[in-house]
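Chemist: Quick note, the sequences are listed as chains H and A, same order.
To convert, note that position 190 of the first sequence is 190 in the UniProt record's numbering; the numbers rise steadily by one, no gaps.
To convert, note that position 59 of the second sequence is 59 in the UniProt record's numbering; the numbers rise steadily by one, no gaps.
2 protein chains.
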Amino acid sequence: MCVLGLGLIGGSVLQAAVRAGRDAWGYNRSADAIAGSTETGYDTGTDLVAALTRAADRGALIVIGVPMPAVDSILDAIAQYAPNNPITDVVSVKAEVAAAVARHGLSARYVGGHPMAGTNESGWRAADPDLFRDAVWVVGVDDGADPDVWRQVASLALDCGSVVVPVESGEHDRAVARISHLPHLLAETLAQAGASGGPLALGLAAGSFRDGTRVAASSPTLVRAMCEGNADALTDVLDEALEVLTRAREELAAARSTDTLVTAGHAARTAYENHERFDITDIAPGDDGWLEALRSAGRAGGVVRQIRSASPG
Amino acid sequence: MCVLGLGLIGGSVLQAAVRAGRDAWGYNRSADAIAGSTETGYDTGTDLVAALTRAADRGALIVIGVPMPAVDSILDAIAQYAPNNPITDVVSVKAEVAAAVARHGLSARYVGGHPMAGTNESGWRAADPDLFRDAVWVVGVDDGADPDVWRQVASLALDCGSVVVPVESGEHDRAVARISHLPHLLAETLAQAGASGGPLALGLAAGSFRDGTRVAASSPTLVRAMCEGNADALTDVLDEALEVLTRAREELAAARSTDTLVTAGHAARTAYENHERFDITDIAPGDDGWLEALRSAGRAGGVVRQIRSASPG
């Protein structure tokens, strides 16, 4: 398999795939960013055409690991040099990637992916073959997905130590707006509110501020790429949050109470802590209605830990 | 010294004080909540009058460790049974406690305190003599503070392993609204936004959601007491946050950009990470202008690690 873009996520995929015994090579635009990678035994380089030609020769799975703004130019190259290969990606939004794939005529062999893991660090130097261990890896189940490509993408996720959650692109984007992109916007807001209090406020800050602003330490470029690539869904969720906070503000100012907000927030956090996954064991990719069945199971909290063989037709 | 209220904070103060070699005893209204405390060697009981009479006999420092809503009734008892004792508190707001102390005619021997430490747990069972190690402990420097009481309160903080930040009550409340109370409101909001996405969103949630909602797991009663006791300052800071988020919403919807928010948020988090304390070494409680000098040093990021002897008059 061939990983294009060797930052934190792409680099970790390459390292995890190699450790799982896969034949895997990677491409990165900047040589500096992956300095030392070949010396430590990884098959990496800066020649995109060479990486793709090799992928085409072997029919290898191509993993797009670049940030959203660079996806189009990578797809240009794939369409030219490896148009028939199975393709996935590890970009944090899915509808926009799927649309770009469609514009390039590559949808038939594309199944999107999104490993829900990361750190505040970025780049190959922060890559870690254990990054995806026990994480959730979203694998797309959009209409028209090829069951064979789906198996390949899901296998990669399982090889990296993750469990697979089958989700349609639009649903994925709306969900991650809630649990990944909104947290970033709130962290950036909280950081500003703290810093506006000067050295006194920053000096008094303890655990709640430290944890609440942690992801504001992430690279601004990556946070922007992630949030702006999901602008529509994120705007909707931000409106929801603004409504909740505005109502809380009124209750606090008028009645000196935070009852509504705190009661609902505590119940929500409890629901999160009590959330339990279940294993999806009865759906084989390629079976009649498999996409709808996986979508519905994923929506209810199901995960795939083992890929079922197709039922005899 | 005498600790009134043996929950997480009061209980930890008692334990830390005993370990520091102090003669310390505690009172708690509920016997169940402190079950086992005497068996493990702590001098605790449920007789408030006995605890206060003993404090009055020995001139002991009284530490008010109950939540804000119970402060008034504790002050009633202090005014009756130990009206001349030095008093401090570990409540998370300061202006409202100072006002209650004044209403009870106890201001002359009161110096407020607030250790900036906690966990999501509550109650004596969660108390820990190490809770305050390397934490910041605010000690009040309001007009009229008695230098002798100030020394006693600051010594307690140092004995518990903390550094002392001298802050006036109103300034304290405005600062903690930013770095302690707003984080709770944002966490409660984020938790709701996540749970509104159902099992799919909760199942995809990873580090940013987990950390961003951590404090929403705290006891709703304690979160409410803390936030509602600081309603005015918190309303102002919430308005600031709403303005920042509303502008971010407009930029996201109109220009699909999060530039302003993310750039400022990252800079603010960096300022927090780079924040450096300095030691206040040249101000002795009781010297001319000591309160103004400590206030100004605390505002600039200064901490007291050792209490200076008063200059010879």
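Just so you know, even glycine gets a beta-carbon here, dropped at the ideal spot from N, CA and C.
Being a predicted model, the structure only gives us computed values, none of them experimental.
With VAL304(H) as the anchor, note down where its beta strand (DSSP E) starts and where it stops.
Modeler: No beta strand (DSSP E) holds VAL304(H); DSSP gives it neither H nor E.
Chemist: So CYS160(H) contacts chain A; which residues on that side make the cut at Cβ distance below 9 Å?
Modeler: Neighbours of CYS160(H) on chain A: none; closest Cβ ~15 Å, over 9 Å.
Chemist: On a Cα-Cα basis, can you pick out the residue from ASP128(A), SER218(A), TYR272(A), GLN306(A) that is closest to ALA187(H)?
Modeler: Residue TYR272(A) is the option with its Cα nearest to ALA187(H).
Chemist: Less than 9 Å separating the beta-carbons of LEU202(H) and SER12(H)?
Modeler: Contact: no.
Chemist: Rounded to whole angstroms, what is the Cα-Cα separation between GLU251(H) and ARG308(A)?
Modeler: The alpha-carbon atoms of GLU251(H) and ARG308(A) are separated by roughly 46 Å.
Chemist: Quick one: which residues of the segment 161 to 178 of chain H get their C-beta closer than 9 Å to a C-beta of chain A? List them in chain order.
Modeler: Of all residues in the segment 161 to 178 of chain H, VAL165, VAL167, GLU171, HIS172, ARG174, ALA175, VAL176, ALA177, ARG178 have a Cβ within less than 9 Å of some Cβ in chain A.
Chemist: Give a yes or no on whether 9 Å exceeds the smallest Cβ distance from GLU188(A) to chain H.
Modeler: Taking Cβ atoms only, chain H reaches closer than 9 Å to GLU188(A), which makes this a yes.
Chemist: Please look up how many angstroms separate the CB atoms of GLN192(H) and VAL244(A), rounded, as I've assumed it's under 8 Å.
Modeler: GLN192(H) to VAL244(A), Cβ: 6 Å. Contact.
Chemist: Relative to the alpha-carbon of GLY265(A), which residue among ASP288(A), ALA253(A), ILE280(A), ALA241(A) has its alpha-carbon at the smallest distance?
Modeler: Ranking the options by Cα distance to GLY265(A), first place goes to ALA241(A).
Chemist: Of all the options GLY123(A), ALA117(A), LEU75(A), which has the alpha carbon lying nearest to the alpha carbon of ARG109(A)?
Modeler: ARG109(A) has its Cα closest to that of LEU75(A), out of GLY123(A), ALA117(A), LEU75(A).
Chemist: Would you mind stating whether VAL90(H) and VAL63(H) have Cβ atoms separated by less than 9 Å?
Modeler: Contact: yes.
Chemist: Using beta-carbon positions only, say whether LEU200(A) and ARG299(H) come within less than 9 Å of one another.
Modeler: Going by C-beta atoms, LEU200(A) is nearer than 9 Å to ARG299(H).
Chemist: Can you give, in chain order, each stretch of the alpha helix (DSSP H) that sits fully within the segment 278 to 303 of chain A and has at least 4 residues?
Modeler: Taking only runs of at least 4 residues, the alpha helix (DSSP H) segments lying wholly in the segment 278 to 303 of chain A are 290 to 299.
Chemist: What residues of chain H sit near GLN192(A), judged by a beta carbon separation below 7 Å?
Modeler: In chain order: VAL244, ALA264, GLY265, ALA268.
Chemist: Let me confirm a value: ASP142(A) is counted as buried when at least 16 other C-beta atoms fall within 10 Å, else exposed. Which label applies?
Modeler: Buried, because 16 or more other Cβ atoms sit within 10 Å of the Cβ of ASP142(A).
Chemist: Three or more beta-carbon pairs under 8 Å between the segment 174 to 190 of chain A and the segment 203 to 218 of chain H, yes or no?
Modeler: Yes, the segment 174 to 190 of chain A is in contact with the segment 203 to 218 of chain H.
Chemist: ASP232(H) by DSSP, collapsed to three states: which one?
Modeler: Residue state, collapsed to three classes: helix.
Chemist: How far does the alpha helix (DSSP H) with LEU14(H) in it extend, from its first residue to its last?
Modeler: Run containing LEU14(H): 8 to 19, per the alpha helix (DSSP H) assignment.
Chemist: Alpha carbon to alpha carbon, how far is ASP259(A) from ASP232(H)? Give it in angstroms, no decimals.
Modeler: Rounded to whole angstroms, ASP232(H) to ASP259(A) spans 16 Å at the Cα level.
Chemist: Can you tell me where the alpha helix (DSSP H) holding GLY118(A) begins and where it ends?
Modeler: Where GLY118(A) is concerned, there is no enclosing alpha helix (DSSP H), given that its DSSP letter is neither H nor E.
Chemist: Starting from VAL3(A), follow its DSSP beta bridges and name the residues at the other end.
Modeler: DSSP output for VAL3(A) lists GLY26(A), VAL63(A) as bridge partner(s).
Chemist: Along chain A, in chain order, which residues have C-beta atoms closer than 9 Å to that of PHE209(H)?
Modeler: Within 9 Å Cβ-Cβ: ARG178, ILE179, SER180, LEU182, PRO183, TYR272.
Chemist: Report yes or no: is there a C-beta of chain A within less than 9 Å of the C-beta of GLY298(H)?
Modeler: Cβ-Cβ to chain A under 9 Å: yes for GLY298(H).
Chemist: My guess is that GLY144(A) and SER107(A) are in contact by the Cβ rule of under 8 Å, so how many angstroms apart are they, rounded?
Modeler: About 7 Å; that satisfies the 8 Å criterion.
Chemist: Leaving aside the five residues before and after THR281(A) along the sequence, list all residues of the same chain whose C-beta is less than 8 Å from its C-beta, in chain order.
Modeler: These residues qualify, in order along the chain: GLN306, ARG308.
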